[in-house]
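Trainee: Structure in structure tokens, see below.
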Amino acid sequence: MRHAQGRIQRLCGIQMPEVMFAGPDGRLEGRYHHSNEPNAPLALVLHPHPLHGGTMNNRITYAMYRSFEKMGFSVMRYNSRGVGRSQGRYDGGIGEISDAAAALDWMQMVNPNASGLWIAGYSFGAFVGMQLLMRRPEITGWISVAPPATYYDFGFLAPCPCGGLMIAGGKDDMAPEPAIHKLVDKLNTQKGVTVDYRVFPEADHIFAKQADKITAALEDHVTTAMAQRNMPLAAD
Numbered sequence: 035m036r037h038a039q040g041r042i043q044r045l046c047g048i049q050m051p052e053v054m055f056a057g058p059d060g061r062l063e064g065r066y067h068h069s070n071e072p073n074a075p076l077a078l079v080l081h082p083h084p085l086h087g088g089t090m091n092n093r094i095t096y097a098m099y100r101s102f103e104k105m106g107f108s109v110m111r112y113n114s115r116g117v118g119r120s121q122g123r124y125d126g127g128i129g130e131i132s133d134a135a136a137a138l139d140w141m142q143m144v145n146p147n148a149s150g151l152w153i154a155g156y157s158f159g160a161f162v163g164m165q166l167l168m169r170r171p172e173i174t175g176w177i178s179v180a181p182p183a184t185y186y187d188f189g190f191l192a193p194c195p196c197g198g199l200m201i202a203g204g205k206d207d208m209a210p211e212p213a214i215h216k217l218v219d220k221l222n223t224q225k226g227v228t229v230d231y232r233v234f235p236e237a238d239h240i241f242a243k244q245a246d247k248i249t250a251a252l253e254d255h256v257t258t259a260m261a262q263r264n265m266p267l268a269a270d
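Below is the structure:
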């Protein structure tokens, strides 16, 4: 293990955008950016449904990845089982949650002293990300774009461990805004949880003209949340 970690750290020194790492059902393919900042926070970005063309190269997934990179994070996007060069086959969401946990394990092995951890998911990836949130208490923030609240029961977010950003499209037929709004209202009743909810009225599920708006909202939310988290430390 020590030898493997040392090799990974040496590779990080020269950047390694393409990575293969062990998943629960075979190797998984990812793209990873290692921050030059010491103890940089981590971000894991999750793609849409694999049976509907979702991959780590999805436009919104890629845009969120680049936003975290720009903010100085060490960040990964990856293909879940059966997608691209990732081994295995689609498992109805259960195995895909395990894939996300394996990706997170890999990032934490490479970055044992990371200063924070964010999960960002789009559509099906938002569902997987919120499931992972409930399993990993070290997650400090989350981004959910068009969570499919009519297809999946998000009742497992009880209680939700922390606040985050949720984005909906006003013309989204696959993840209707009223269902997402209902989920946001439910989460906001929980103690200590505040959801930053943003609706783009003209957007459908593809967000064809809203990628820049999504990344602007992501960067605004993340920088504000991290600044607020650091304020008590500064006061001490």
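Everything in the sequence shown is counted per my numbering, starting at 35 for the first residue and increasing by one.
Using N, Cα and C, we set each Cβ at its ideal position, and we do this for glycine too.
Predicted, not measured: the structure shown is a model, and the values here were computed from it.
Exposed or buried, Phe158, counting other C-beta atoms within 10 Å across all chains shown (16 or more means buried)?
Mentor: buried
Trainee: Do Leu78 and Met141 have their CB atoms nearer than 8 Å?
Mentor: yes
Trainee: If Gln165 and Ile131 are in contact, beta carbons under 8 Å, what's the gap, nearest whole angstrom?
Mentor: 5 Å
Trainee: Identify whether Glu236 lies in helix, strand or coil by the three-state DSSP scheme.
Mentor: coil
Trainee: What did DSSP end up calling Ile173 once you bin it into helix, strand or coil?
Mentor: Residue state, collapsed to three classes: coil.
Trainee: Here's a check: name, in chain order, each residue in its chain whose Cβ is nearer than 6 Å to the Cβ of Gly47, leaving out the five neighbours to either side.
Mentor: Note that Gly47 scores a pLDDT of 48, beneath 50, so its modelled location is shaky; the value from the coordinates is reported in the next line. Within the same chain, Gly47 has no close Cβ partners at all.
Trainee: Do Gly57 and Gly122 have their beta-carbon atoms positioned less than 8 Å apart in this structure?
Mentor: yes
Trainee: Please name the residue, chosen from Leu221, Pro193, Gln224 and Glu236, that lies closest to Pro210 on a Cα-to-Cα basis.
Mentor: Selection Leu221, Pro193, Gln224 and Glu236 evaluated against Pro210 yields Glu236 as nearest (Cα-Cα).
Trainee: Here's a check: name, in chain order, each residue in its chain whose Cβ is nearer than 7 Å to the Cβ of Asn91, leaving out the five neighbours to either side.
Mentor: Taken in chain order, the list of residues that qualify is empty.
Trainee: With which residues is Leu252 paired in a DSSP beta bridge?
Mentor: None, per the DSSP bridge assignment.
Trainee: According to DSSP, is Ser108 part of a helix, a strand, or is it coil?
Mentor: DSSP places Ser108 in strand when its eight states are reduced to three.
Trainee: Using three-state DSSP, classify His86 as helix, strand or coil.
Mentor: The DSSP-derived three-state label of His86 is helix.
Trainee: Between which two residues does the alpha helix (DSSP H) carrying Met141 extend?
Mentor: Ile128 to Val144
Trainee: Three or more C-beta pairs closer than 8 Å, one from the segment 101-112 and one from the segment 247-260: is that the case here?
Mentor: yes
Trainee: I'd like the list of long-range same chain contacts for Ala183, defined as Cβ closer than 6 Å, with 5 residues on each side in sequence excluded.
Mentor: Ala213, Ile214 and Leu217
Trainee: Could you tell me how far apart the beta carbons of His86 and Arg111 are, in whole angstroms, since I believe they sit closer than 8 Å?
Mentor: Wrong, their Cβ atoms sit about 17 Å apart, outside the cutoff.
Trainee: Below 6 Å CB to CB, which residues in the same chain sit around Met260 once its five sequence neighbours on both sides are set aside?
Mentor: none
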